[in-house]
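S.K.:
Number of protein chains: 2
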Amino acid sequence: MKYSQLFGKPVKEDQGGSEMRSHQLLQQAGFISESVAGRYFFLPLGWRVHDKIKAVIKKRMDAVGGQEMITPTLHPLELWEETNRTNTTGFELMTVEDRRGAAFALGGTAEEMMVDVVRKRQISYKELPFNIYQFSTKFRDEARARGGLLRVREFVMKDAYTFDKDEAAFEKTYNEMAEVYTNIFNDLGLETKKVEADGGYIGGDYCHEYQVESPIGEGTFYETEDGRYCAHEDVAVFEREPVNPNDEVLPLEVIEQPDWVKTMEDNEKHYELPASRFLKNVVFRVTTSDQIIIVTIRGDLEVNKTKLEKVLNLTGQLEAATDEDLAALGTKSGFVHSWGHKARYIGDLSLTSVKNFIGGQKTETTDTKNVNYGRDFECEMLADVAKAYDGAKTADGKTLIEKVGVEVGNIFQLGTHYSGKMKDATYIDESGKGVPYYMGCYGIGLGRTMATIAEKYNDEKGLIWPEVIAPFQVYLAPIGKNQEVYDKADEIYKALLQKGVEVLYDDRQDKKSTPGQKFGNHELMGIPYRIVLSERLLESDEAEIVHRSSGETKMVPLSEVIDQF
Amino acid sequence: MKYSQLFGKPVKEDQGGSEMRSHQLLQQAGFISESVAGRYFFLPLGWRVHDKIKAVIKKRMDAVGGQEMITPTLHPLELWEETNRTNTTGFELMTVEDRRGAAFALGGTAEEMMVDVVRKRQISYKELPFNIYQFSTKFRDEARARGGLLRVREFVMKDAYTFDKDEAAFEKTYNEMAEVYTNIFNDLGLETKKVEADGGYIGGDYCHEYQVESPIGEGTFYETEDGRYCAHEDVAVFEREPVNPNDEVLPLEVIEQPDWVKTMEDNEKHYELPASRFLKNVVFRVTTSDQIIIVTIRGDLEVNKTKLEKVLNLTGQLEAATDEDLAALGTKSGFVHSWGHKARYIGDLSLTSVKNFIGGQKTETTDTKNVNYGRDFECEMLADVAKAYDGAKTADGKTLIEKVGVEVGNIFQLGTHYSGKMKDATYIDESGKGVPYYMGCYGIGLGRTMATIAEKYNDEKGLIWPEVIAPFQVYLAPIGKNQEVYDKADEIYKALLQKGVEVLYDDRQDKKSTPGQKFGNHELMGIPYRIVLSERLLESDEAEIVHRSSGETKMVPLSEVIDQF
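These protein sequence lines map, in sequence, to chains A and B. Our numbering puts the first sequence at residues 18 to 582. Our numbering puts the second sequence at residues 18 to 582.
(1) How would you label B/Met-456, buried or exposed, when you count the other beta carbons within 10 angstroms and need 16 or more for buried?
(2) Taking B/Phe-255 as the reference, give the member of B/Ile-481, B/Pro-453, B/Ala-400 with the closest Cα.
(3) Taking C-alpha atoms, which residue in A/Glu-540, A/Val-299, A/Asn-321, A/Tyr-546 lies nearest to A/Asp-251?
(4) What first and last residue would you give for the beta strand (DSSP E) that runs through A/His-287?
(5) Residues in the same chain with beta-carbon distance under 8 Å from B/Gly-497, minus the five sequence neighbours each way, listed in chain order, please.
(6) Considering only their Cβ atoms, is the gap separating A/Asn-148 from A/Thr-179 smaller than 7 Å?
(7) If you drop the 5 nearest sequence neighbours on each side, which residues of the same chain put their C-beta closer than 7 Å to that of B/Arg-525?
(8) Just checking: is the beta-carbon of A/Val-81 within a distance shorter than 7 Å of some beta-carbon in chain B?
(9) Consider the Cβ of A/Ser-50: report whether some Cβ of chain B lies at a distance smaller than 7 Å.
(10) Using beta-carbon positions only, say whether A/Arg-547 and A/Val-563 come within less than 7 Å of one another.
(11) Near A/Ser-423, what residues of its chain come up, given a Cβ to Cβ distance below 6 Å and the 5 sequence neighbours on each side ignored?
(12) Please list, in chain order, the chain A residues whose beta carbon lies closer than 8 Å to that of B/Leu-514.
(13) Provide the residue(s) that pair with B/Ile-49 in DSSP beta bridges, ordered along the chain.
(14) Who are the near neighbours of B/Glu-540 in its chain, counting only those whose CB is closer than 6 Å to its CB and skipping five residues on each side?
(15) Anyone know if the C-beta pair for A/Thr-385 and A/Gly-377 falls short of 7 Å?
(16) With 7 Å as the threshold, decide whether the Cβ of B/Leu-60 is near any Cβ in chain A.
(17) Looking only at DSSP bridge pairs, what is B/Ile-544 linked to?
(18) For the alpha helix (DSSP H) that B/Leu-431 lies in, which residues bound it at each end?
(19) Counting only beta-carbon atoms, is B/Ile-87 nearer than 7 Å to chain A?
(20) Return yes when the Cβ of A/Val-520 is within less than 7 Å of the Cβ of A/Tyr-510, no when it is not.
(21) In angstroms with no decimal places, state the Cα-to-Cα distance between A/Ser-153 and B/Gly-83.
(22) Rounded to a whole number of angstroms, what is the C-alpha to C-alpha distance between B/Tyr-57 and A/Val-303?
(23) Taking the CB atoms as reference points, tell me whether A/Leu-493 and A/Ala-512 lie closer together than 7 Å.
(24) Would you say the region 53-73 of chain A touches the region 163-170 of chain A, given that touching needs at least three Cβ pairs under 8 Å?
(25) Please determine, among A/Ser-355, A/Gly-25, A/Glu-508, A/His-434, the residue with the shortest C-alpha to C-alpha distance to A/Glu-395.
(26) Suppose the cutoff is 8 Å on Cβ atoms and the five residues either side in sequence are ignored; what does the same chain contact list for B/Gly-426 look like?
(27) For A/Pro-93, count neighbouring C-beta atoms within 10 Å of its own C-beta (all shown protein chains included) and say buried if the count is 16 or more, exposed if not.
(28) Could you list the residues in the region 331-352 of chain A with a C-beta less than 9 Å from some C-beta on chain B, going in chain order?
(29) Tell me which residues share the same chain as A/Phe-295 and place their Cβ nearer than 7 Å to its Cβ, disregarding the 5 neighbours each side in the sequence.
(30) Distance check for A/Asp-580 and B/Phe-238, CA to CA, integer angstroms please.
(31) With 16 other CB atoms within 10 Å as the buried threshold, where does A/Gln-515 fall?
(32) My output table needs one value for B/Val-271: the three-state DSSP class, helix, strand or coil.
(33) Could you check if A/Gln-430 is buried or exposed, using at least 16 other CB atoms within 10 Å of its CB as the buried criterion?
(34) Going along chain B in order, which residues have a C-beta closer than 7 Å to the C-beta of A/Trp-64?
(35) Can you tell me whether DSSP reads B/Glu-336 as helix, strand or coil?
(36) B/Tyr-444 bridges to which residues according to DSSP?
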């Protein structure tokens, strides 16, 4: 490709819209361009990278028998109704009606579609297992798009679906896919953690995320130092160690309290006790029923909404209560009681880790002390609804370390979550009986992966693409005014193309296209190698080859330039 | 790929839904599966073919400097409003709103999007011309989907857009792309005609369709025997030769007529004169304004609605008048007058080719004769609104031959149709002034192309894919019960894979998988070569290689099998 013909040349300034270095660079270097918030054009340079990421994934998928196919983008909504997923508000489903009134979902994930195409064919046990996948545009009607390519409203996802005859067979498939995922990300230059996670709107009993540790990530997870336990904050379990095991249980007392004591910090200051000695009440509303949930928890812990939703079987249906909700309960923020309101009370496991809590019932001028769970109040249930924290302990005494990462892929056990709900989603077993398929699904967001790589591989000058996904391998940069230099560059360009090397040839000869301009573009775009030709180099029959990532420079006889690639 | 693991095996019966042989075969052989009307899954076999068609197109596009990229699928509707295309009812646009109320079109074509991404960058004359294209899913909310993959509601289209500085530069680009198109279809085994066509909702001044002659086609076009003129029925021009040049012009007369004379056939029978001697009136309504248009035309000719819409600048806005419309005019079918109704009268050029028409005004018992255009009535205008016909003459006396074809691609001059309407869609010229880009666009429907190839290449046994797009090159079929045969097949399979040959290995050893079954599958799927191994062949150290398209069979020493591919 000649630079002069390239569409999507670098632009001078940061195009804005993100604090992320990688996102600024991707825009500035001409890889992507925003259409509207959360929707991006991939320009020719960016699409080349995207395509190469696709190729890496495809190669690994095909090597384990994966078969690429495609589903329609518009999914008949009745399929999503079969599995009740239209009611799952946590999933940002976008729907559309055609002119005949038929309703469709804009594909977010394709479990129902894949089950539908499989059930249309009579599958026998002899045809299992199989693995089908697609690369297709997925839609998420996110309330807020942000983080550049990390949280967008449409993106290409590789989604794979496996069909096995039973759990034992599936286990092998799942482990194989877990390995495929590690390999894919390794191929792409990303070290990933396989993190236990929550299935969310996908369903199924267990799943794992592939997280790349990165400060730009939105996912928090916890890992023990030995790496043997690694879990997303939505599922990470930890011990509630006794806070004051040696204290004696004292009688409940109502005490006076100055009216400036409102927040947890006020409590800590006033009583000179740590937050763990206080009761905290956090109020949620169920979006689908207007029911109120009050979670009572130890003052130093936070409620994890996903854990709570899972305990209550209300995936995606909780949100923070409003001031109006609190008023309807007859209270206000900071004065919610641990018992007595017209609400469902859920207690975190931490309630039994403290003797003589302070709090639970409170007025402007009084509070309660020596409150003990079981004696003074009880919740509908005690459950694990607290977020873990850096330094929390596991059951076997190991310490959890808090980490932040980007989720670049995920794998899900689905079991018969879909095949059990959808009519005739069965294979014929050895005895001639119809049995629901045992399924798994596996996703990778390509744009997000690309952004994560860009974030990991850059420096103050620009991007530094790993060779396997670089848009071009060579940036050919003749400099100066001497026509012979450009003639030689033409020659090298043709020879490299002939050899199948991907070259971006900066053929500009105008005055503005200085060496600084050309080298700067090369560094910004992050192409692995730069070949420099100049009048002086030509005199010594040499070219300079610069390695973008190491910065190493070497002189190579002109006659040997082609052999370097 | 082992056959046992293949998802999308052949099914026994025709899956219905189409009279087209190719469509039945594509479904039966496991290439595609219908989701709902007009929306298809491409199964692994079908997607392999689709992918190879894509590769052929990409190679030709890149060879002329085309740069692949991608636009978002959802196009901000405000862009389509900028060019007034939301009002073009002829285009089956599908729209959707997100949860924040932002409106989008589901991409049908991407002129606005491409102009939008280009205008966001400051382009100078030095960067022109360039050619950007994408392969992406397009949506058409067709009232009726039919013809298998020929008329669907979503499909992958390659759409390219060129940007030039002026018409002279564009002409070169357009001709180059015309050649690229011919080459692409030749590569795919399709002989195409480059047919002058109507731009329809795309706009622009001229365009061409690439038609493959085929009885399954929906497009009618006319070609002279020497092939120098080839035009779609919507634009084909032809001479209205004088019907009765030697007749004397006679005075207008009202005559009695029996009340059974109603249709054109009745006229011909009663007067013993050909249809060309009668006046015919065809009534249309404008969907956007309820205006009525009456076209007066020679009785042997048909009105071409697209020509009429173009003459009236009402693209996609005409439909046949209803009985209610006729009643509102004070008339009914068969009794519409060539003058006097409250309507716009448009006359076809043929009105001046006949002296002494019969018709024009008619009651149940009278008709009019010796009606002459200009003397007895006049229309708002005379224009070319008639459909050509087999045997019609061109201006230079050549005969038009009527043909039917499938439109597999099209190329459009757009000029400044889009850049002129969209704000700031300009490049900076040599003098620093902003000038609208001179554009062209170029489409190929991949599924439709695949169906057209399948229709052309099949026989009574099944499909016969050209090698360049066959899903696999070799179907490896060991037959019988001897384990040694299958061991040998395993060996050949691995050696072929090693060599990079795409093999579908029919590894089934169960009783039901007879030689007839295996050979039948091979023939149905249309894979270019079949390698047969059997106990008897093994005894003579040979394999049989069958060529699907010619049916030729040859015996090859086992040691030489791999070298054949």
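A virtual CB, placed ideally from N, CA and C, is assigned to each residue, including glycine.
M.R.: The relevant details are as follows:
(1) It is buried - the Cβ of B/Met-456 has at least 16 other Cβ atoms within 10 Å.
(2) Distance check between B/Phe-255 and each of B/Ile-481, B/Pro-453, B/Ala-400 places B/Ala-400 closest, using alpha-carbon atoms only.
(3) Nearest option by C-alpha distance: A/Asn-321.
(4) Counting along the chain, A/His-287 sits inside no beta strand (DSSP E); it lies in the alpha helix (DSSP H) bounded by residues 281-288.
(5) Excluding positions up to five away in sequence, the list reads Pro-532, Ser-551, Glu-552.
(6) Contact flag set, yes.
(7) Counting only Cβ-Cβ distances below 7 Å, and skipping sequence neighbours, we find Tyr-20, Ser-21.
(8) Chain B, which has no Cβ nearer than 7 Å to the Cβ of A/Val-81, makes this no.
(9) Taking Cβ atoms only, chain B reaches closer than 7 Å to A/Ser-50, which makes this a yes.
(10) In contact: A/Arg-547 and A/Val-563 (Cβ atoms closer than 7 Å).
(11) For the record, residue 423 of chain A in the displayed sequence is Val; it is not Ser. Val-229, Ser-231, Gly-234, Thr-469, listed in sequence order.
(12) Per Cβ cutoff of 8 Å: no residues; B/Leu-514 is ~11 Å from chain A at best.
(13) Under the DSSP definition of a beta bridge, B/Ile-49 partners with B/Phe-59.
(14) So the list reads Lys-478, Gly-479, once near-sequence residues are dropped.
(15) Closer than 7 Å, so yes.
(16) So, interface residue.
(17) Note: B/Ile-544 sits in no beta bridge, so no partner.
(18) Run containing B/Leu-431: none in the alpha helix (DSSP H); it sits in the beta strand (DSSP E), 417-432.
(19) For B/Ile-87, the nearest beta carbon of chain A is closer than 7 Å to its own beta carbon.
(20) Their beta carbons are under 7 Å apart, which means A/Tyr-510 touches A/Val-520 by this criterion.
(21) Approximately 23 Å between the Cα atoms of the pair.
(22) Near 39 Å, if we compare the C-alpha coordinates of A/Val-303 and B/Tyr-57.
(23) No, the pair does not count as a contact, with Cβ atoms beyond the cut-off.
(24) These segments touch.
(25) A/Glu-395 has its Cα closest to that of A/Ser-355, out of A/Ser-355, A/Gly-25, A/Glu-508, A/His-434.
(26) Contacts found: Tyr-198, Ile-201, Phe-202, Thr-209, Glu-226, Tyr-227, Tyr-459, Gly-460, Ile-461, Gly-462, Thr-466.
(27) Burial call: buried.
(28) Those would be none; no residue qualifies.
(29) The answer, listed in chain order, is Met-281, Asn-284, Gly-316, Phe-374, Ile-375, Gly-376.
(30) If you take the alpha carbons of B/Phe-238 and A/Asp-580, they lie about 54 Å apart.
(31) Around the Cβ of A/Gln-515, a 10 Å sphere holds fewer than 16 other Cβ atoms; the residue is exposed.
(32) Secondary structure of B/Val-271 (DSSP, three-state): strand.
(33) Here A/Gln-430 is buried: its Cβ has 16 or more other Cβ atoms, across all protein chains shown, within 10 Å.
(34) Going along chain B in sequence order, the residues near A/Trp-64 (Cβ under 7 Å) are Glu-85, Met-86, Ile-87.
(35) Here B/Glu-336 sits in strand by DSSP.
(36) Looking at the DSSP assignment, B/Tyr-444 forms a beta bridge with B/Val-452.
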